[in-house]
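Chemist: Respectively, the protein sequence lines represent chains Z and V.
Under our numbering, residues 9 to 335 are what the first sequence spells out, in order.
Under our numbering, residues 9 to 335 are what the second sequence spells out, in order.
Idealized CB from N, CA, C, for every residue including glycine.
Protein chains: 2
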Amino acid sequence: MRDVAARAQVSAMTVSRVLKEDERVSTATRAKVLAAVEELGYRRNEVARNLRLGRPSGMIGLVVTNLANPFYSRLALGAEQVAEEHGLRLVLGNTAEQVQRERELVEDLVSRRVDGMIVVPAGASQRHLAPDVLGPTPVVLAGRPPAGIEADTVLVDDFGGAHAATARLIADGHRSIGFVGNPPALFTGAERFRGYWAAHEEAGLTPREEWISRGAYDIPGAEAAAHRLLDRTDAPTALFCTNNRITLGAYRAVRGLRSGTALAAFDDFEMADLLDVPVTVVAYDADEVGRRAARLLLDRIDEKSAAPRQPPRRTVVPTHIVHHTGA
Amino acid sequence: MRDVAARAQVSAMTVSRVLKEDERVSTATRAKVLAAVEELGYRRNEVARNLRLGRPSGMIGLVVTNLANPFYSRLALGAEQVAEEHGLRLVLGNTAEQVQRERELVEDLVSRRVDGMIVVPAGASQRHLAPDVLGPTPVVLAGRPPAGIEADTVLVDDFGGAHAATARLIADGHRSIGFVGNPPALFTGAERFRGYWAAHEEAGLTPREEWISRGAYDIPGAEAAAHRLLDRTDAPTALFCTNNRITLGAYRAVRGLRSGTALAAFDDFEMADLLDVPVTVVAYDADEVGRRAARLLLDRIDEKSAAPRQPPRRTVVPTHIVHHTGA
DNA sequence: CTGTTAGCGCGTTCAC
DNA sequence: GTGAACGCGCTAACAG
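This is the structure:
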């Protein structure tokens, strides 16, 4: 900036004014300054600017558990979109489901003075995200609810979606519906199990324990789990799968049998309509999760300092059922 | 920091030293300072720190065209991984293939003093990324080669992959192989077409113009394009598809016909082995593209100022063929 | 071992 | 309209 000032034969202050589009600069001076800026390829240092203005960095942090999962990359896309509209940049961190990584990332983001952050929490507790330990940086949780703290949250309607999909299977005449899910420790898994169960109860049914498998966390695991359910003499006639990975595994098992076992599945996927068994998927807008999280965060950022801290807000992104009859 | 200093009854400098883990501080003072830090929940401001140290922000920019595409989210994941290992954070921007957005993002990232950036270029020229306009911020291109500038680049072996997949079809006895691709303006599309063509030439074949479609850019478009090829009386017995979206569309067309038309396709996808036609996919490690890009960038960052600017480097991520016989 | 001075790049405040 | 002084939060260089 000094160089520009020297070249334009003005003070640094005048350069600052021109770049800030301050009116009180003569047209002639402005032209001189802009010429110098051009010639030197000068760019104002936004970091120093924010420091001087006492502002945070103009960035929002996004901490996800697994960017390779389309759900989270869509979430990131949605958040980026809203952030962009407000002139904010997104700083990305991937925790690989490790709480320790999450802790470090969050610390680092605060030290970098992000305006706020969106976190998909990896662990059982989010105490380290509490205002009294984190300071004034606003936090919004996405995908999983807060535990041990209060915080704005965006969730997917896990219960409702699982309920509707299961109900659909029941309506289609299925009376023995297996459950292939990830470990119940995961919130989404637990909620989706609740939905599966509730749909049964409402129909006066009780799922048999032998039809329930809750240990799989990848495709081969899910395939094996589905096989164990389907190999029984009283095998279920349909399977409810709690996420896209589980579904792919279960489909492999179902397909091998050619038994026509129906599937219901959380998470839509592109080839769902091309499978050779009936598939009912629970679809939802993952981008919207990111957009809503970003909006909640922006609200908090604007609200800052004002008012006696609003109570935490929670929003649930709806799901809808898509039914494919199977080819 | 002043508050901490006051509370610990030392100077700010001492606090700075303790936090920097400078040895020359008495154990007693250190303890006092750390206690004060703890009590106040103080966190050093990394932004001010970097400013004072004359360093960039400790972040690297990543500008992609479409984060919803798994290729780019995997790329981001790979880059994040390497950045993380070096204590750098990733700042993300999505251009939605708009050059204007890319320009703005790049400008902004430079103003934020990123250490460097990885860009998946959206437009036909990357003049705006040239060192003389961007300044000293290092740039690495990913997925598409530089045009109008010199720059380090990471590419996928588009030509080789397309060549190998097509050759495989030919080896399997196919003599009429259709081409369903995106517009040739895209580098990847052009390269993959070259591979398709070269494999034919080497086998003494020449693809018929009527078997070549190069306009599709989404799934329905690809399905329609494939239908047009397959509805001919001299329909090809196999189709080469230039990317995952195209493949999904083409499969829909192929499947409807039950003609047993074989597919070869760039980009692997999870259900490739479950389709009811033979599918040959060109698979590659998208994470690796991001990792290599990050490494190239880190090299440039380290090299900075030293030496008389090394020549641009280029690396090509290999592909491999996976063949599925069709169920 | 610890404190003081000075300044990273910028903008507010108050002069001229 | 324009400039000088001062400070955002931090630390290198030099004192002591």
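1) Using the Cα positions of G151 of chain V and V128 of chain Z, report the straight-line distance between them to the nearest angstrom.
2) Bridge partners of E221 of chain V, per DSSP?
3) Starting from Y259 of chain Z, trace the alpha helix (DSSP H) in both directions and tell me its first and last residue.
4) Would you mind working out which of V:G156, V:A211, V:R236, V:R183 sits nearest R222 of chain V, comparing C-alpha positions?
5) Where L256 of chain V and R52 of chain V are concerned, what is the direct C-alpha to C-alpha distance, given to the nearest angstrom?
6) Can you tell me which of the three DSSP states M9 of chain V falls into?
7) Please list the residues of the region 83 to 101 of chain V that have a C-beta atom closer than 9 Å to any C-beta atom in chain Z, keeping them in chain order.
8) Name the residue from V:P146, V:A233, V:A261 whose alpha carbon lies nearest to the alpha carbon of R308 of chain V.
9) Could you please tell me which residues of the region 136 to 157 of chain V, in chain order, have their CB closer than 7 Å to any CB of chain Z?
10) Output needed for G69 of chain Z: all residues of its chain with C-beta closer than 6 Å, excluding positions within five of it in sequence on either side, in chain order.
11) Which residues, in order along the region 37 to 57 of chain V, keep a beta-carbon less than 8 Å from a beta-carbon of chain Z?
12) Tell me which residues share the same chain as T214 of chain V and place their Cβ nearer than 8 Å to its Cβ, disregarding the 5 neighbours each side in the sequence.
13) First and last residue of the beta strand (DSSP E) that includes V6 of chain V?
14) With three or more beta-carbon pairs closer than 8 Å as the criterion, would you say the region 293 to 302 of chain Z touches the region 154 to 166 of chain Z?
15) Please confirm if R8 of chain V has its CB atom under 8 Å from at least one CB of chain Z.
16) Do L85 of chain Z and G66 of chain Z count as a contact pair if the criterion is CB distance below 8 Å?
17) Do you know offhand how far G169 of chain V's Cα is from C249 of chain Z's?
18) Starting from R135 of chain Z, trace the beta strand (DSSP E) in both directions and tell me its first and last residue.
19) Taking a contact to mean a Cβ-Cβ separation below 8 Å, would you say V287 of chain Z touches L271 of chain Z in this structure?
20) Within the same chain, show all residues whose beta-carbon is closer than 8 Å to that of L265 of chain V, passing over the 5 residues directly before and after it, in chain order.
21) Pull up the distance between the alpha-carbon of L142 of chain Z and that of Q17 of chain V, whole angstroms please.
22) Starting from H331 of chain Z, trace the beta strand (DSSP E) in both directions and tell me its first and last residue.
23) Let me know if L61 of chain V comes out buried or exposed under the rule of 16 or more other beta-carbons within 10 Å of its beta-carbon.
24) Give a yes or no on whether the minimum CB-CB distance between V188 of chain V and chain Z is below 8 Å.
25) What in chain Z is Cβ-close to V118 of chain V, meaning under 7 Å?
26) Among residues of its own chain, excluding the 5 on either side of A44 of chain V, which ones have a beta-carbon nearer than 6 Å to its beta-carbon?
27) Output yes if chain Z places a C-beta closer than 8 Å to the C-beta of R15 of chain V; else output no.
28) Considering only C-alpha positions, which residue in the set V:H171, V:P139, V:A211 is nearest to R317 of chain V?
29) Taking the alpha-carbon positions, what's the E105 of chain V to G186 of chain V distance?
30) Tell me the rounded alpha-carbon separation between A211 of chain V and G203 of chain V.
31) Quick one: does E121 of chain V have its CB under 8 Å from some CB of chain Z?
32) Could you name the residues of the same chain whose beta carbon sits closer than 6 Å to that of V41 of chain V, not counting the 5 residues immediately before and after it, in chain order?
33) Quick one: is E54 of chain V buried, meaning 16 or more other Cβ sit within 10 Å of its Cβ, or exposed?
34) For L59 of chain Z and chain V, any beta-carbon pair shorter than 8 Å?
35) Mapping DSSP to helix, strand and coil, what is S195 of chain V?
36) Once DSSP output is grouped into helix, strand and coil, what is the label at Y292 of chain Z?
Modeler: In brief:
1) 29 Å
2) Looking at the sequence itself, residue 221 of chain V is Ser, so the reference to Glu does not match. DSSP lists V:V188 as partners of S221 of chain V.
3) 252 to 265
4) V:R236
5) 51 Å
6) coil
7) A84, L85, E88, Q89, E92, G95, R97, L98, V99, L100, G101
8) V:P146
9) V141, G143
10) V99, L117, V122, M125
11) G49, R51, R52, N53, E54, V55, A56
12) H208
13) Any answer about residue 6 of chain V is impossible in this case: the structure gives chain V only from 9 up to 335.
14) yes
15) This structure cannot speak to residue 8 of chain V, because chain V is shown only from 9 to 335.
16) no
17) 35 Å
18) Run containing R135 of chain Z: none; DSSP gives neither H nor E here.
19) yes
20) L238
21) 25 Å
22) 328 to 332
23) exposed
24) no
25) R51
26) V12, R15, A16
27) no
28) V:P139
29) 27 Å
30) 13 Å
31) It should be pointed out that residue 121 of chain V corresponds to Arg in this sequence rather than to Glu. By this cut-off, R121 of chain V is an interface position.
32) A16, V23, V26
33) buried
34) yes
35) Note that residue 195 of chain V corresponds to Phe in the displayed sequence, not to Ser. Note: F195 of chain V maps to helix in three-state DSSP.
36) coil
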